[in-house]
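In this note's numbering, the protein residues as written are 25 to 380. In what follows, a single structure is set out as C-alpha cells and then discussed.
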C-alpha cells in the first residue's frame, strides 16, 4: 500500500505525467493504489529523442535541463485542461541515469510541476548504480509533486517556484488574449526575447523614430505546436525589460492583427518571410486568406533586414504576395543592421552539464 499515492488520490487534483529517462516507478506506484482513475488522466514516456521533440514542438537546447522539465510539465498541464481537469496539474521529469553509453556530465534529474496558480521546479543529483538512482528519483519525484500541490505529510523536496498574477493565469487558461488594452498598442515589436538583446532595443528605437510614437514589445506565451511558456520562463524574460512588456496569447500574426487592428508591427525579414510562406498555412489559398484578414484589420509592417544563410537580406530581396508587400516599409541596411540573434546568444551562454 502506498501512502503517498493515496494522498494524491484522496485530493481533488487531476493531472497528466510526462516522464523521460527514469521516474516510471512512480507511475507504477500511482496505478497500483486504488483510486488512480480519480487522479491520473494520462501519462506519456517520451523516451526516444524524436518522441521528446514531437511532444515539445522542436529539439530542446538541452534534453536534461530545468527548461525542458518545465516544458514537459506545461505540455502535461495543457493536456489536463483539455480533458476538463479542475484543479489540474502537469508533472514533468527529465533524467540522465547510469547507462552503458558514454555520458556528458553527471547523472541527474530535473522535475517541474505546473498548475494554473504556479510553476515549480527542482533538481536532484543521482549517485550509485542505476537501481539506486531510480529508487532515489522516485522518492524525490513524490516529494516534489506532493509538495508542489500542498499535500504535505511527507518530507518535502526544495522547490523554486513562481506564483502567477491573475492576468497571467487568465492568459494560460485562455480567458484573455492579452494583458493590455488594445487601443494602447499601435506600434508593436513581437518576439520571443530569449533573451532580449541590443538588436531588439535598437529596432524599437528606429521604429519609434520612424513612426513618432512609443512602441511596446510583445511576447506571446503561445507559439504554434509548442507548449505554452511557463511562469518561471515568463518572469525570466520579462525581467530583461526596463519598460512594460505586453504579454499575449496570440501565436500568429493573423491573431495579432485581430487583437490590435491598425497596428504597425516591427519585424525582421525572416519573420515576414514566414508570414508569406504557404507551408505555415497548409497552402497558398489559406495563406492568401490569412493575409487578406490582416489587411482588413488595417495592420502594416516595418521590415528590418537580417543575415540569412550568410547573406544580408531585406525587403527588396523578398518574394511576397503583392497585397502583403503593399503594407510593408523597408528599413535600410544603413539605418539598421544587427547580425547577432537570440539563438546565437543562447548557444554561447548555455553551459555544458557539470563534470561528474
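Just so you know, even glycine gets a beta-carbon here, dropped at the ideal spot from N, CA and C.
- For the pair residue 271 and residue 258, the CB atoms are nearer than the 8 Å cut-off.
- Fewer than three beta-carbon pairs drawn from the region 182-193 and the region 107-127 are found closer than 8 Å, and the two stretches are therefore not classed as touching.
- For the pair residue 47 and residue 120, the CB atoms are not nearer than the 8 Å cut-off.
- Selection 335, 347 and 302 evaluated against residue 322 yields 347 as nearest (Cα-Cα).
- In the DSSP assignment, the residues bridged to residue 147 are 134.
- In the three-state reduction of the DSSP assignment, residue 315 falls in the helix class, which pools H, G and I.
- Taking residue 145 as reference, the option from 190, 343, 169 and 281 with the minimal CA-CA separation is 169.
- Look at the beta carbons and you see the region 286-298 not touching the region 262-270: under three pairs across the two are nearer than 8 Å.
- A direct Cα-to-Cα measurement between residue 32 and residue 209 gives close to 44 Å.
- Each of 229, 332 and 351 was checked against the Cα of residue 317, and the nearest Cα belongs to 351.
- Remark: fewer than three beta-carbon pairs, one from each stretch, lie closer than 8 Å, so the region 149-167 and the region 275-285 are not flagged as touching.
- Rounded to whole angstroms, the separation of the alpha carbons of residue 246 and residue 153 is 40 Å.
- Nearest to residue 324 by C-alpha distance, out of 307, 284 and 305, is 284.
- Distance from the CA atom of residue 366 to the CA atom of residue 58, rounded to whole angstroms, is 48 Å.
- Rounded to whole angstroms, residue 158 and residue 49 show a C-alpha spacing of 8 Å.
- Among the bridge pairs identified by DSSP, residue 272 is matched with 202 and 244.
- Under the 8 Å Cβ criterion, the region 130-145 counts as touching the region 96-116, having at least three qualifying pairs.
- Secondary structure note for residue 344: it is in no alpha helix (DSSP H), with a DSSP letter that is neither H nor E.
- A distance below 8 Å separates the beta carbons of residue 328 and residue 227.
- In the structure shown, residue 63 adopts helical secondary structure according to DSSP, grouped into three states.
- Straight across, the Cα-Cα distance linking residue 344 with residue 223 is about 25 Å.
- With distances taken between CA atoms, residue 41 lies nearest to 136 out of 83, 319 and 136.
- For residue 330, the closest C-alpha among the options 199, 361 and 314 is that of 361.
- Under DSSP, residue 289 shares a beta bridge with 212 and 325.
- Within 10 angstroms of the beta-carbon of residue 78 lie fewer than 16 other beta-carbons, which makes it exposed.
- Taking the Cβ atoms as the reference, residue 296 lies roughly 14 Å from residue 231, outside the contact range of under 8 Å.
- Looking at the DSSP output, residue 81 bridges to nothing.
- Each of 237, 176 and 254 was checked against the Cα of residue 194, and the nearest Cα belongs to 254.
- Annotation for residue 89: 118 and 134 place their beta carbon closer than 8 Å to its own, counting only its chain and skipping 5 residues before and after.
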